[in-house]
Structures are given as C-alpha cells and as structure tokens.
Amino acid sequence: MGADPETSAVNNYSQMWDVENLFVVRASSFPQNAGYNPTGTVGALSYRAAEGILKYMEKGGSLI
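Under my numbering, the first residue of the sequence shown is numbered 421, with each subsequent residue one higher.
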C-alpha cells in the first residue's frame with residue numbers, strides 16, 4: 421500500500437493501480453505479519469476500502 425504505483429501494489433483505498441475496479445480487502449495488502457492480532461487494523465482498512473469504493477462509484481466507475 422502506498423502513494424506511488426512504482427513501489428506499491430495498491431493505493432491508500434486498497435485499490436489496485438493497474439485494475440481500477442479491483443479493491444483488495446482483508447490482510448492481503450499487508451507486507452508482513454507484525455506479530456500481534458491485526459483484527460482492528462484489518463477492520464479499519466476494510467472501512468477505508470469501502471470508502472474508496474463509494475468514491476469510485478460516485479465518479480461513475482463500475483465494479484462489474
């Protein structure tokens with residue numbers, strides 16, 4: 421996850437750089453395991469992805 425498509429796979433909404441209608445949820449965008457229960461972080465990232473999906477849809481994007 422990052423701000424540059426050259427150094428990251430997804431943006432801050434967990435949206436793929438190369439496929440604009442693909443959002444990655446759950447712990448798939450974690451680069452490593454931090455050694456503790458990531459449930460809260462995964463939940464927060466899921467809400468952030470949902471926000472990105474809503475913004476994408478408002479701009480006229482399609483998930484199908």
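For each residue, glycine too, the CB sits at the ideal point set by N, CA and C. The structure displayed is predicted, hence computed values, not measured ones.
Legend entry - For MET421, the residue or residues it bridges with in DSSP: DSSP lists no partner for MET421.
Inset, instruction - Please report the residue range of the alpha helix (DSSP H) in which GLY463 lies. - result: Segment 459 to 478, the alpha helix (DSSP H) holding GLY463.
Legend entry - According to DSSP, residues forming a beta bridge with VAL430: Residue pairing for VAL430: DSSP places it in a beta bridge opposite MET436.
Legend entry - Residue burial classification, VAL430 (beta-carbon count within 10 angstroms, cutoff 16): Buried, because 16 or more other Cβ atoms sit within 10 Å of the Cβ of VAL430.
Inset, instruction - Determine the direct distance from the alpha carbon of VAL439 to that of THR504, and round the result to whole angstroms. - result: The displayed coordinates of the chain run from 421 to 484. Any statement about residue 504 would go beyond what the structure contains.
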